[in-house]
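Just so it is clear: in the sequence shown, position 7 is 6 by numbering that gives the first Met the number 0, and no numbers are missing.
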Amino acid sequence: MAEIKDPENTIIMETSKGKVVIQLLPDVAPGHVARVKELTREGAYDGVVFHRVIEDFMAQTGDVQYGKTGGKDFNPARAGMGGSEKPDLKAEFSNMSHVRGTCSMARSQMPNSANSQFFICFTDAPWLNKQYSVWGQVIEGMDNIDKIKRGEPVKDPDTIVSMKVAADA
């Protein structure tokens with residue numbers, strides 16, 4: 000396993016394809032890191048599907064409202080349209096590049112609309128730079144992200160089985 004230097008700022012995500020370790024970037028996007036950790040600690044991401052997965056681009060997940068299998072509002076047809084009950088976040092755009100393994104918040108056309116959904120880049124996506132809030136980087140398990148089923152929407156999607164802050168694991 001990757002060496003975890005800062006357990007409070009590391010996420011261990013178990014997917015239906017295997018383990019993924021994400022180094023959080025609190026110096027880059029403190030509000031987004033705080034939100035991801037808050038939702039992780041609440042168990043909100045456990046059971047959430049990867050609802051939009053585009054070859055040579057990214058895997059999107061994090062709809063804790065409509066995308067959480069077993070959740071009261073789970074609706075595969077609406078996965079990707081929801082968020083959490085928490086307020087949307089103010090954009091924290093930075094000079095961080097969207098490269099392979101970058102974790103960044105999904106949002107609508109409105110810059111300050113990120114909430115719970117996020118994506119992980121399969122490849123470099125420079126056109127996203129300075130337009131989406133980068134909050135983490137995969138440091139182990141990109142091979143497992145690469146195995147996630149593709150689709151828009153995904154039929155029989157892969158899921159986040161569990162997501163934990165390493166300090167709590």
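Ideal Cβ placement from N, Cα and C applies to all residues, glycine included.
#### Entry: Span separating the alpha-carbon of Leu24 from that of Tyr131
As a first step, residue 24 must be located in the sequence shown, where it is residue number 25. As a first step, residue 131 must be located in the sequence shown, where it is residue number 132. Going by the C-alpha atoms only, they are around 14 Å apart.
### Query
Pick from Glu2, Ala166 and Arg51: whose alpha carbon is nearest that of Met80?
One-based indexing of the sequence shown puts residue 80 at position 81. Comparing Cα positions, the closest option is Arg51.
### Task
Measure how close the beta-carbons of Gln116 and Gly69 come, nearest whole angstrom, since I'm counting them as under 8 Å.
By one-based count along the sequence shown, residue 116 stands at place 117. By one-based count along the sequence shown, residue 69 stands at place 70. Contact flag wrong, Cβ pair sits at about 18 Å.
### Message
Restricting to Cα atoms, I'd like to know which of Tyr65, Arg149, Thr14 and Arg40 is closest to Asp55.
### Response
Here residue 55 corresponds to residue number 56 of the sequence shown, with the count starting at 1. For the residues Tyr65, Arg149, Thr14 and Arg40, the minimum Cα distance to Asp55 belongs to Arg149.
### Task
Starting from Thr39, follow the alpha helix (DSSP H) in both directions and report where the run begins and ends.
Walking along the sequence shown from the start, residue 39 turns up at place 40. Per DSSP, Thr39 belongs to the alpha helix (DSSP H) from Pro29 to Arg40.
### Contact between the segment 27-39 and the segment 100-119 (3+ Cβ pairs under 8 Å)
These segments touch.
### Query
For Met57, does the count of other Cβ atoms within 10 angstroms reach 16, so buried, or fall short, so exposed?
The residue given as residue 57 occupies position 58 in the sequence shown. The residue is buried, with at least 16 neighbouring Cβ atoms inside 10 Å.
### Query
Which residue from Gly17, Glu2, Glu13 and Ala124 puts its Cα closest to that of His97?
Taking the sequence shown and counting its residues from 1, one reaches residue 97 at position 98. Looking at the Cα atoms, Ala124 is the closest of the given residues.
### Query
Could you give the C-beta distance for Ile139 and Ala1, rounded to a whole number, given that I count them as a contact under 8 Å?
Here residue 139 refers to the residue found at position 140 when the sequence shown is read from its first residue. Here residue 1 refers to the residue found at position 2 when the sequence shown is read from its first residue. Inspection of the sequence shows that residue 139 is occupied by Glu rather than by Ile. Sure, about 4 Å apart at Cβ, within 8 Å.
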